[in-house]
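For the sequence shown, the residue numbers in full-length UniProt numbering are 1 to 85. This report refers to the structure that appears directly beneath it.
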Amino acid sequence: MTKTQLFENLRTLLQDTFDIDPARITPEARLRDDLDIDSIDAVDLLVKLKPVTGKRLPPEVFKSVRTIQDVVDALHSLLDESVAA
1 MTKTQLFENL
11 RTLLQDTFDI
21 DPARITPEAR
31 LRDDLDIDSI
41 DAVDLLVKLK
51 PVTGKRLPPE
61 VFKSVRTIQD
71 VVDALHSLLD
81 ESVAA
């Protein structure tokens, strides 16, 4: 899956789950500051991301993400690890 596909999946997920206007969901958007994703929402997001990748994004990785692009990059790395294994 490409980073563009991951971004589009994430955008749809955020729109459907948290009712966020898709225009606000840009690669540079910060989860907490721009999209109002708090820690409880972040856990919910982690659960909903698993079907996208087929793998669970480790919480320690998710703690380091700040922007939508960070999430996309983390998911892409997770998928790359699956291909390499």
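The beta-carbon is built from N, C-alpha and C at its ideal position, and this holds for glycine as well. Bear in mind the structure is a predicted one, so any value in this text is a computation, not a measurement.
* Closer than 8 Å, CB to CB, is residue 10 near chain D or not? -> In the structure shown, chain D cannot be found, because there is only a single protein chain.
* Going straight from the alpha carbon of residue 24 to that of residue 16, what length do you get? -> Looking up residue 24 in the sequence shown gives position 24. Looking up residue 16 in the sequence shown gives position 16. The straight-line gap separating the alpha-carbon atoms of residue 24 and residue 16 is approximately 13 Å.
* Asked: Over what stretch of residues does the alpha helix (DSSP H) that includes residue 40 continue unbroken?
  -> As a first step, residue 40 is located in the sequence shown; it is residue number 40 there, counting from the start. Start and end: 39–53.
* Would you list the one or two residues that DSSP bridges to residue 67? => As a position in the sequence shown, residue 67 is number 67, starting the count at 1. 30, per the DSSP bridge assignment.
* Asked: Apart from the five residues just before and just after residue 31, which ones in its own chain have a Cβ nearer than 6 Å to its Cβ?
  -> Looking up residue 31 in the sequence shown gives position 31. Result list for residue 31: 37, in chain order.
* Is residue 11 helix, strand or coil when you go by DSSP? -> For this step, residue 11 is matched to residue 11 along the sequence shown. Helix.
* Asked: By Cβ distance, which residues of its chain are closer than 7 Å to residue 22, with the 5 residues on each side in sequence left out?
  -> Walking along the sequence shown from the start, residue 22 turns up at place 22. Around residue 22: 11 and 15.
* Could you check where the alpha helix (DSSP H) with residue 59 kicks off and where it finishes? -> On the sequence shown, position 59 is the one that residue 59 refers to. 59–62 is the extent of the alpha helix (DSSP H) around residue 59.
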